[in-house]
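Below is one structure, written out as structure tokens; the observations come after it.
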Amino acid sequence: MSTESKLDIPRPKTVGLYATLYGAAFLFLVPYLYMLSTSLKTEEFAFSQQPYWIPPEISFEWYQVVLEGAPMVQWFMNTFVIAATTTLLVIILDSMIAFSLTKLDWPGKRIVFTVIIASFMVPIYANMVPLYTIISEFGLINSPLAVILPFSAIPIGVFLFTQFFQDLPDSVIEAAKIDGFSTVQIYLRIVLPLMKPAIAALSLYTFVYTWNQFLWPLIVLQGESSFTLPVGIVTTQPTQVFQPGAEMAATLIAAAPLFIVFLILQEHLVNAVQMQGTTG
Amino acid sequence: MATKDTGAILSRLPGVDAVDSEARDGMLFAIPYLLVFGVFLLYPLLKGLYMSLFDWNAFNPSQSEFILAENYVRMVQDPTFWKAVRATVFFVLLTVPTLVGLGLALALGVNQDIKGKRFLRTVFFSPYVLTVSVVSLMWAELYAPEYGPLNYYLEFFMSNPPAWLNSFTFAMPAVALATIWWTVGFNFVILLAARQGVPERLYEAARIDGASTWRAFRDITLPQMRSAIMFVTTVQLIASFQVFGQVYIMTNGGPGDSTQTLVMYLFRVAFRQQEFGYAAAIGYFLFVVLVAVSLINYRFVGGSDT
Chain A
1 MSTESKLDIP RPKTVGLYAT LYGAAFLFLV PYLYMLSTSL KTEEFAFSQQ
51 PYWIPPEISF EWYQVVLEGA PMVQWFMNTF VIAATTTLLV IILDSMIAFS
101 LTKLDWPGKR IVFTVIIASF MVPIYANMVP LYTIISEFGL INSPLAVILP
151 FSAIPIGVFL FTQFFQDLPD SVIEAAKIDG FSTVQIYLRI VLPLMKPAIA
201 ALSLYTFVYT WNQFLWPLIV LQGESSFTLP VGIVTTQPTQ VFQPGAEMAA
251 TLIAAAPLFI VFLILQEHLV NAVQMQGTTG
Chain B
1 MATKDTGAIL SRLPGVDAVD SEARDGMLFA IPYLLVFGVF LLYPLLKGLY
51 MSLFDWNAFN PSQSEFILAE NYVRMVQDPT FWKAVRATVF FVLLTVPTLV
101 GLGLALALGV NQDIKGKRFL RTVFFSPYVL TVSVVSLMWA ELYAPEYGPL
151 NYYLEFFMSN PPAWLNSFTF AMPAVALATI WWTVGFNFVI LLAARQGVPE
201 RLYEAARIDG ASTWRAFRDI TLPQMRSAIM FVTTVQLIAS FQVFGQVYIM
251 TNGGPGDSTQ TLVMYLFRVA FRQQEFGYAA AIGYFLFVVL VAVSLINYRF
301 VGGSDT
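Sequences listed follow chains A and B, in order.
Going letter by letter, the first sequence gives residues 1 to 280 in my numbering.
Going letter by letter, the second sequence gives residues 1 to 306 in my numbering.
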């Protein structure tokens, strides 16, 4: 391993390689460090010309200001409800139709599959004006459903699931049929359990994606109490006058939950992303 | 296909309706998805086309006036629209090549025999899990002209460092840099997986033949990773073309309209000026461009091993 892989970059000197990669890693960490240190600075040091990477005086006042001045907990709950419900719906709806498209035979399924795959390219942005009028006609403005429903039937989920279900041998399904399993039983007791890794990866990816959404929630969630964290922290200022410390504290609080999840479930999330590259 | 034929034969026998029940179950399993898909994806797509042909009244849709292609004519003649096209193309040019090139460089670097691979991967990938709001607010602080750290250090080298987000010249590059930090990790992990999938024996053979490192990179690494590189390029092209959050939060399209991208303009026309018909036309234009870009890219990929 060690000697072979050295061939793919022109003449890497080990020291240079370490310096470059760890130097880049250091630069990547700078924004995090600045966010953390600014959130702990008093007003005087936050506006100071000199960037105190370690504040001379550590203060947690901004965290208190933010938690009291903005409904952060409410936004967190809204974001969680939206991300969790969307993920659940994506997994149920997409796996059901993918199972049907790959393992069951019915008239018109080829056309249905083609239409779904073709709409891969329809971006929410292109659809946002007509979709807004539809959501508004349904009376869903400010409702979590306004964000959940349009993202519950995304074509990429169907595409990924069909890729996995194709690998499931037909003989397994045939054997179950002979054993007298109904279609529902085959789906619940055979297909879903066998697809656990794919489901886990897709769930995690959908959850992160939905949690982080910005444009669409910004459009359909208009009341402060219905905001998600990404919308809330840029729309509502917790202080009368702009305060870098308060803003960075809010930013850090908003980023923390998902970041912790990432640190714990990193392998799975990386797999979920890599899966797209290899099947796509 | 054998099972299908048996099924067809069986279904013709009296009393055996296996095929019919399979068709019924198949449709029942497809319907829940298709309902949501139809209402929230297909129908808006058609409604958007319809709306784009009207001077749409956002408050009282029945008062809308049919104007055929006038919205599209207006778009072609709208200087702000063309400014937005230019700003978007500028952003795409600033981000896509760097995102793919840097992603590839980091992937090849981390693939080497070095210590701390896992740490490096975590660091480079981590910004990808942040929301655009967090990224934009963080970077706006780094760029702050009066008290931000970037200009503090630049002042050691130059007397008058740029005002970054308030500068006509540097606002877009500043947004692009923040974007690169944010999303390069996506390309990095995909390209890392692709590089790990290249058979090592190809490199061994090249070494026996006395090929230089550069030759091995050009003749083995690049062609072997072609489809992954095309994939991340397509994804980044589409993502960069639709840039919104970063500019909305960091510059609000300014200074002037210098960072007002297409989606930003679309958002403004629709939800600040309430011109839904015109906004729908811009949306359709965006959609057609994206489809064209994707198709051109898939053509390229289509020629390879996939």
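Note that beta-carbon positions come from the ideal geometry of N, C-alpha and C, so glycine has one too.
Would you say residue i reaches chain A, if we count a Cβ-Cβ gap shorter than 8 Å as a contact?
{"i": "B/Q273", "result": "no"}
{"i": "B/I296", "result": "no"}
{"i": "B/A194", "result": "yes"}
{"i": "B/T251", "result": "no"}
{"i": "B/L177", "result": "no"}
{"i": "B/L104", "result": "no"}
{"i": "B/F157", "result": "no"}
{"i": "B/V76", "result": "no"}
{"i": "B/W139", "result": "yes"}
{"i": "B/L165", "result": "no"}
{"i": "B/G283", "result": "yes"}
{"i": "B/A174", "result": "no"}
{"i": "B/S64", "result": "no"}
{"i": "B/A171", "result": "no"}
{"i": "B/V100", "result": "no"}
{"i": "B/R12", "result": "Note on B/R12: pLDDT 49, under 50, position unreliable in the model; no value is reported."}
{"i": "B/Y72", "result": "no"}
Starting from the C-beta of residue i, find all residues in its chain whose C-beta is less than 8 Å away, skip the five residues before and the five after it, and write them out in chain order.
{"i": "A/L252", "result": "M35, L36 and S39"}
{"i": "A/A84", "result": "F207"}
{"i": "B/M75", "result": "F81, Y278, A281, I282 and F285"}
{"i": "A/P144", "result": "N78, V81, I82, T85 and S226"}
{"i": "B/P14", "result": "The predicted model places B/P14 with a pLDDT of 47, which falls under 50 and marks its position as unreliable, so this point remains unresolved."}
{"i": "B/I238", "result": "L290, V293 and S294"}
{"i": "A/S283", "result": "For chain A, the structure presents residues 1 to 280; residue 283 of chain A sits outside this window and is missing."}
Assuming the contact rule is C-beta atoms closer than 8 Å, residue i and residue j should be a hit. Round their C-beta distance to whole Å, please.
{"i": "B/Q246", "j": "B/V175", "result": "5 Å"}
{"i": "A/F165", "j": "A/A98", "result": "5 Å"}
{"i": "B/I249", "j": "A/V234", "result": "5 Å"}
{"i": "B/A216", "j": "B/Y203", "result": "6 Å"}
{"i": "A/L89", "j": "A/I148", "result": "7 Å"}
{"i": "A/G232", "j": "A/A70", "result": "7 Å"}
{"i": "A/G277", "j": "B/I190", "result": "3 Å"}
{"i": "B/F241", "j": "B/V135", "result": "The pair is not a contact, with the Cβ atoms about 18 Å apart (cut-off 8 Å)."}
{"i": "A/I258", "j": "B/V129", "result": "Reading the sequence as shown, one finds Leu at residue 258 of chain A and not Ile. Their Cβ separation, rounded to whole angstroms, is 6 Å, which keeps A/L258 and B/V129 in contact under 8 Å."}
{"i": "B/L42", "j": "A/A25", "result": "Actually they do not touch by this definition, with Cβ atoms about 45 Å apart."}
Taking 8 Å as the threshold (beta carbon to beta carbon), is residue i in contact with chain B?
{"i": "A/Y63", "result": "no"}
{"i": "A/A175", "result": "no"}
{"i": "A/G139", "result": "no"}
{"i": "A/M1", "result": "Low confidence applies here, because A/M1 scores a pLDDT of 42, under 50, leaving its location unreliable; read the following figure in that light. Yes, A/M1 counts as interfacial toward chain B."}
{"i": "A/G280", "result": "Below a pLDDT of 50, predicted positions are generally treated as unreliable, and A/G280, at 46, falls in that range; the measurement from the model is reported next regardless. Output row for A/G280: interface = yes."}
{"i": "A/F181", "result": "no"}
{"i": "A/V286", "result": "The requested residue 286 of chain A is not part of the displayed model; chain A covers only 1 to 280."}
{"i": "A/W106", "result": "yes"}
{"i": "A/N78", "result": "no"}
{"i": "A/Q237", "result": "no"}
{"i": "A/D167", "result": "no"}
{"i": "A/G69", "result": "no"}
{"i": "A/Q50", "result": "yes"}
{"i": "A/N212", "result": "yes"}
{"i": "A/L215", "result": "yes"}
In chain order, what residues of the same chain lie with their CB nearer than 7 Å to the CB of residue i, ignoring the 5 residues before and after it?
{"i": "A/A153", "result": "L93"}
{"i": "A/T20", "result": "none"}
{"i": "B/P149", "result": "L142"}
{"i": "B/T353", "result": "Past the edges of chain B, shown from 1 to 306, lies residue 353 of chain B, and the structure says nothing about it."}
{"i": "A/Y209", "result": "none"}
{"i": "B/V85", "result": "L262"}
{"i": "A/T102", "result": "T162, F165 and Q166"}
{"i": "B/F287", "result": "none"}
{"i": "A/F262", "result": "L269"}
{"i": "A/T239", "result": "V65, G69 and A246"}
What are the partner residues of residue i, as DSSP defines its beta bridges?
{"i": "B/F362", "result": "Coverage of chain B is limited to positions 1 through 306, which leaves residue 362 of chain B absent and any answer about it impossible."}
Given residue i, which residues of its chain have a CB within under 6 Å of its CB, disregarding the five upstream and five downstream residues?
{"i": "B/R272", "result": "none"}
{"i": "A/L188", "result": "none"}
{"i": "B/Q224", "result": "V198"}
Three-pair Cβ contact test at 8 Å for the stretch 161 to 178 of chain B versus the stretch 255 to 275 of chain A: no
Cβ contact (3+ pairs, closer than 8 Å) linking the stretch 152 to 161 of chain A and the stretch 188 to 208 of chain A: Enough Cβ pairs lie closer than 8 Å, so yes.
Contact between the stretch 125 to 142 of chain A and the stretch 46 to 56 of chain B (3+ Cβ pairs under 8 Å): A contact between stretches requires three or more CB pairs, one per stretch, nearer than 8 Å, and the stretch 125 to 142 of chain A meets this requirement with the stretch 46 to 56 of chain B.
Segment contact flag, the stretch 109 to 116 of chain A with the stretch 177 to 188 of chain A, C-beta cutoff 8 Å, min 3 pairs: no
Three-pair Cβ contact test at 8 Å for the stretch 81 to 100 of chain B versus the stretch 177 to 191 of chain B: yes
The stretch 258 to 276 of chain B in contact with the stretch 143 to 160 of chain B per 3-pair CB rule at 8 Å: no
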